[in-house]
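If you're matching them up, the sequences are chains E and L in order. Residues 6 to 432 in our numbering are what the first sequence spells out, letter by letter. Residues 1304 to 1807 in our numbering are what the second sequence spells out, letter by letter. The beta carbon of each residue, even a glycine, is placed where N, CA and C say it ideally should be.
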Amino acid sequence: MLREIGVRSIDDLFAPIPPDAQVKGGLNIPRQMAESEILDYFRQRASENALGYSSFLGAGAYNHYRPVVIDSLISRGEFFTAYTPYQPEISQGTLQSIFEFQTMICELTGMEVANASMYDGSTAATESVMMADRITGRTGAVVARSVHPEYREVLATYAKNQGMSIAEVGYQENGRADLSELEEAITDKTSCVLIQSPNFFGTLEDVAAVADIAHKKGALLVVAIAEAVSLGIVRPPVEADVVAMEAQSFGVPVGFGGPYAGVIATKEKFVRQIPGRLVGETVDRQGRRGFVLTLSTREQHIRREKATSNICTNQALIALMATIFMTVYGREGIRELAQQNLAKAAYAAEEFGRKGKVLFSGAPRFNEFVVQTKEEPRAINDRLLERKIVGGFPLKKFYPELGNAALWCCTELTTRAAIDAAAKEVA
Amino acid sequence: MSDRDIKKATTQVNQNEGLIMEKSSPGKKGYKLPPLDVPAVNISKMLGDLERRDDIAAELPEVSEIEIIRHFTRISTWNYAVDYGMYPLGSCTMKYNARINEVVARLDGLAGAHPYQPEKLSQGAMKILQLLSECLIEITGMDAITLQPAAGAHGELTGVLLVRAYLESQGNPRKKILIPDSAHGTNPATAAIAGYAVENLKSNQKGMIDLNALEKQVTEDIAALMLTNPSTIGVYESDIHHIAGILHRKGALLYMDGANMNALCGKTQPGKNGVDVMHLNLHKTFSTPHGGGGPGSGPVACKKILEPFLPTPVVIEKSDGTLGFDYNRPKSIGRVRAFYGNFGMHVRALAYILANGPDGLRQTTEDAVLNANYIRKKLEGIYELPYKTQTLHEVVFNDRIQQRKGVKTGDIAKRLIDYGFHSYTVSFPLIVPGALMIEPTESESKEELDLFIDAMKAIAKEAEDEPDTVLNAPHTTRISRLDEVRAARQPILRWKKQAKYAAE
Chain E
6 MLREIGVRSI
16 DDLFAPIPPD
26 AQVKGGLNIP
36 RQMAESEILD
46 YFRQRASENA
56 LGYSSFLGAG
66 AYNHYRPVVI
76 DSLISRGEFF
86 TAYTPYQPEI
96 SQGTLQSIFE
106 FQTMICELTG
116 MEVANASMYD
126 GSTAATESVM
136 MADRITGRTG
146 AVVARSVHPE
156 YREVLATYAK
166 NQGMSIAEVG
176 YQENGRADLS
186 ELEEAITDKT
196 SCVLIQSPNF
206 FGTLEDVAAV
216 ADIAHKKGAL
226 LVVAIAEAVS
236 LGIVRPPVEA
246 DVVAMEAQSF
256 GVPVGFGGPY
266 AGVIATKEKF
276 VRQIPGRLVG
286 ETVDRQGRRG
296 FVLTLSTREQ
306 HIRREKATSN
316 ICTNQALIAL
326 MATIFMTVYG
336 REGIRELAQQ
346 NLAKAAYAAE
356 EFGRKGKVLF
366 SGAPRFNEFV
376 VQTKEEPRAI
386 NDRLLERKIV
396 GGFPLKKFYP
406 ELGNAALWCC
416 TELTTRAAID
426 AAAKEVA
Chain L
1304 MSDRDIKKAT
1314 TQVNQNEGLI
1324 MEKSSPGKKG
1334 YKLPPLDVPA
1344 VNISKMLGDL
1354 ERRDDIAAEL
1364 PEVSEIEIIR
1374 HFTRISTWNY
1384 AVDYGMYPLG
1394 SCTMKYNARI
1404 NEVVARLDGL
1414 AGAHPYQPEK
1424 LSQGAMKILQ
1434 LLSECLIEIT
1444 GMDAITLQPA
1454 AGAHGELTGV
1464 LLVRAYLESQ
1474 GNPRKKILIP
1484 DSAHGTNPAT
1494 AAIAGYAVEN
1504 LKSNQKGMID
1514 LNALEKQVTE
1524 DIAALMLTNP
1534 STIGVYESDI
1544 HHIAGILHRK
1554 GALLYMDGAN
1564 MNALCGKTQP
1574 GKNGVDVMHL
1584 NLHKTFSTPH
1594 GGGGPGSGPV
1604 ACKKILEPFL
1614 PTPVVIEKSD
1624 GTLGFDYNRP
1634 KSIGRVRAFY
1644 GNFGMHVRAL
1654 AYILANGPDG
1664 LRQTTEDAVL
1674 NANYIRKKLE
1684 GIYELPYKTQ
1694 TLHEVVFNDR
1704 IQQRKGVKTG
1714 DIAKRLIDYG
1724 FHSYTVSFPL
1734 IVPGALMIEP
1744 TESESKEELD
1754 LFIDAMKAIA
1764 KEAEDEPDTV
1774 LNAPHTTRIS
1784 RLDEVRAARQ
1794 PILRWKKQAK
1804 YAAE
């Protein structure tokens, strides 16, 4: 090949890199390993992590059962080794699956359109606020403190350089966003109100009431959803203008925090302000149904600095996991699954409430709840670890005002035995 | 056209398949939950008005397990993939996705690790983050890194925010970012989101940065130059040292878009050549699968001066020798994503690095550059090469010769499908009108490259002799060219149940 190219050595091909800028003697990284050694390295690392524990952690990453057909199907090279479907004639598999994803997300959220996915829930929430700014021509959001703290941190990072002011409002005794504080915080510069439901404490917000307040003052309502399984049994936030959802609960491994898939769903009238990829239906030259990426004049590769967002990718393979998950459970299954989550958490809250104090009991919740204890949550958790249980998420870092409090989560995978064992140590 | 020219592709039976929602009928089930081991609850009592009632039930499909398997298997066969053959999308680095990477990413202790599980039970995951960080710092020649950004464009934003925070700490964040006209669209979009105005920088006749123009354009208003190196036409900026010098003398920084790092990995370290901050695309250079459009991962490596501003948290070694997350970083730009980034992609990228080692990474780069230059040599003249400058990992032709018969780059790309290949990148970069941007990567054998070259030659001949064959391509796919105008004018973005009732 070198001869055919007309050079003497491979070095000739790298002549544009000045010799003194070239690496001498090889990089200082581990030596090349055989496949068996690589497997062994990662098995060792995996064994240094929690293995075989029952876990009560949720807080934005939920441990639901993943039907085995998910990995079986997404492991097809046609799905995972394909690129973005820019050539629709040879990408219909990806395109149709995204169209199905958009359809099911609309069904679940009660919205009219959904995009092909975002990086995750935190960036979906942030981009939703930026979208509200574009729609309203205002620049500022009122954000409930009961929104996931890390989502709020991401929003703050993006907001800082866009002249966007963020006002945070507290929560009431029942764990819901404080409506009067919220009403007061909305000004004629507020583009939207951002709440989460179920919120970070697991409490269901009164979405309709918040929507009323926001809309009366000309602001939009963005509802973030971190626990998507809740939609199987909880009324969707139809009063919202934008729904920013994390789809991790739908068949995506908790995976130490990623990759996940965010989604933005909204009303049809806002579709041209939605960031990210969209798949639409059309026909080919013979009139047969097919799917394409569409409305791309919103996007960076066309609009450059005037684009709705700098986002280029979506999370197609993760969205596919979610699509398969939603298909496996279906209309009835998603409800039954959500019911089990609700029942497990209700049982656990009652058991934990015998010795600890379950906060925010004045409003309905889904599968998470906050328990306040006399003892430090970390001390309780240390004892639980000895029984192979990972306890609730200590809240002191984000909500110091709650004292010794932790956020506990139960899913369909949480056994009664684990709940009973944990309840004994909570005091 | 003669079928003999089409060596790689053949026809096969392809299955028709509707939408999964159209296969639904009440009562079919693909799931089974275990019996509830706690008392059932009265839902309406618990949720009241907030219960999702039947009149707004989520109309998800009801299908059996085999229908699910067949549905997704059938539609998958309508995709082209790296597993089928060469996928020469320029700037996308469509290399082989090793199966070991998939296996290790799915190990229970890794895929099942909760991001908030106690640090002492996350040591394995943190060691992976640490080793990957060390490797990427060495590969880039930088001092520090964050793995948090979820994709390349997300990395760009993180990098530009680091620049901004640094300059702010020096007293003035400045107003503009310089971006060459050959850049990816994400660069200007990113600069805008980071609160900067974009100033365009024209390339010279070689497709490179014009040092004189740069010298004039760099003022005290410029925060940074976002430079893709090698550029989108595959040309290495040999003067990168001088470029950095010009910027640094005016107090501006050099950002490098690492999209094309597959041309440099193991051969040169950008950090040692004046680059202050850069992102990597793990889904390009480090073989994590593209997945039909994500997930990606876009770590950002930087010099010491930018380290205090990296997103929180960072992995540190604690006094007891174990690893932990450090959240106490007062100068940090904050978070760009919840948790720690796309960890599953970090695992795969590290597996790739370990499978290669120092020699393997260098050879990978050499093979990628060799393959691209082989294609360039074999197709030059058959397709016009607008920039004669020596190129590394990709080559950009234009369609000027074929345009004489009305055949454009988009048509040639469609015809390539009939020959059993995915298209190259069409109409990008913008500085090359009618561009054909080809990046073979190291994964392709000489045999596959020769098939590709033969196909491109055959298409050039068709464009000359029977242009309609090319203009109406593809001919062998399940569906023909799609009406994109209609899709945008009357957007149908979801399936609706009413449509089904109407049809029945």
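Tell me whether residue i sits in a helix, a strand or coil according to DSSP, three-state version.
| i | result |
| --- | --- |
| I1734 of chain L | coil |
| A354 of chain E | helix |
| I79 of chain E | helix |
| K1708 of chain L | coil |
| R71 of chain E | coil |
| Q1793 of chain L | coil |
| P1570 of chain L | Looking at the sequence provided, one finds Lys at residue 1570 of chain L rather than Pro. Note: K1570 of chain L maps to coil in three-state DSSP. |
| S196 of chain E | coil |
| I1536 of chain L | coil |
| I171 of chain E | strand |
| P1633 of chain L | coil |
Any idea if residue i is buried or exposed, counting beta-carbon neighbours within 10 angstroms, 16 or more meaning buried?
| i | result |
| --- | --- |
| I1369 of chain L | exposed |
| V1788 of chain L | exposed |
| H1725 of chain L | buried |
| N1631 of chain L | exposed |
| A1806 of chain L | In this prediction, A1806 of chain L scores a pLDDT of 40, lower than 50, which makes its location untrustworthy; the coordinate-derived value is nonetheless stated afterwards. Looking at its Cβ environment, which holds fewer than 16 other Cβ atoms inside 10 Å, A1806 of chain L is exposed. |
| Q107 of chain E | buried |
| P280 of chain E | buried |
| I1323 of chain L | buried |
| N1565 of chain L | buried |
| K1835 of chain L | Residue 1835 of chain L lies beyond the residue range present for chain L, which begins at 1304 and ends at 1807; the question has no answer from this structure. |
| D193 of chain E | exposed |
Examine chain L for any beta-carbon lying closer than 8 Å to the beta-carbon of residue i, and answer yes or no.
| i | result |
| --- | --- |
| R143 of chain E | no |
| D138 of chain E | no |
| Q177 of chain E | no |
| H220 of chain E | no |
| A411 of chain E | no |
| L300 of chain E | yes |
| D289 of chain E | yes |
| Y404 of chain E | no |
| K393 of chain E | no |
Tell me which same chain residues have a C-beta within less than 7 Å of the C-beta of residue i, skipping the five on either side of it?
| i | result |
| --- | --- |
| I1372 of chain L | none |
| V488 of chain E | This structure gives no information on residue 488 of chain E, because the portion of chain E shown stretches from 6 to 432. |
| N1584 of chain L | G1455, G1561, A1562, G1599 and G1601 |
Compare the C-beta of residue i with all C-beta atoms of chain E and state if any pair is closer than 8 Å.
| i | result |
| --- | --- |
| G1333 of chain L | yes |
| N1565 of chain L | no |
| S1726 of chain L | yes |
| H1417 of chain L | yes |
| A1805 of chain L | In this predicted model, A1805 of chain L has a pLDDT of only 41, less than 50, meaning its place in the structure is not dependable; the value taken from the coordinates is given anyway. Chain E contact via Cβ: absent. |
| A1604 of chain L | no |
| T1625 of chain L | no |
| M1389 of chain L | no |
| Y1722 of chain L | no |
| G1569 of chain L | yes |
| Y1643 of chain L | yes |
| K1310 of chain L | no |
| L1774 of chain L | no |
Output needed for residue i: all residues of its chain with C-beta closer than 8 Å, excluding positions within five of it in sequence on either side, in chain order.
| i | result |
| --- | --- |
| I75 of chain E | G256, M326, I329, F330 and V333 |
| E1765 of chain L | M1304, R1718, T1772 and V1773 |
Enumerate in chain order the residues of its own chain whose CB-to-CB distance from residue i is below 6 Å, with the five nearest sequence positions on each side excluded.
| i | result |
| --- | --- |
| A172 of chain E | V147 and A190 |
| A353 of chain E | C415 and I424 |
| P1533 of chain L | Y1539, N1563, A1566 and L1695 |
Item to check | Any beta strand (DSSP E) of 3 or more consecutive residues that is wholly inside the stretch 1572–1629 of chain L | outcome: 1580–1583, 1603–1605, 1617–1620 and 1626–1629
Item to check | 4-residue-minimum alpha helix (DSSP H) runs that sit fully inside the stretch 203–230 of chain E, ordered along the chain | outcome: 212–221
Checklist entry - In chain order, which continuous runs of the alpha helix (DSSP H) of length 4 or greater are located wholly inside the stretch 1328–1410 of chain L? => result 1346–1350, 1368–1379 and 1402–1408
Checklist entry - At which residue ranges does the stretch 345–409 of chain E contain complete alpha helix (DSSP H) runs of 4 or more residues, listed in the order of the chain? => result 382–391
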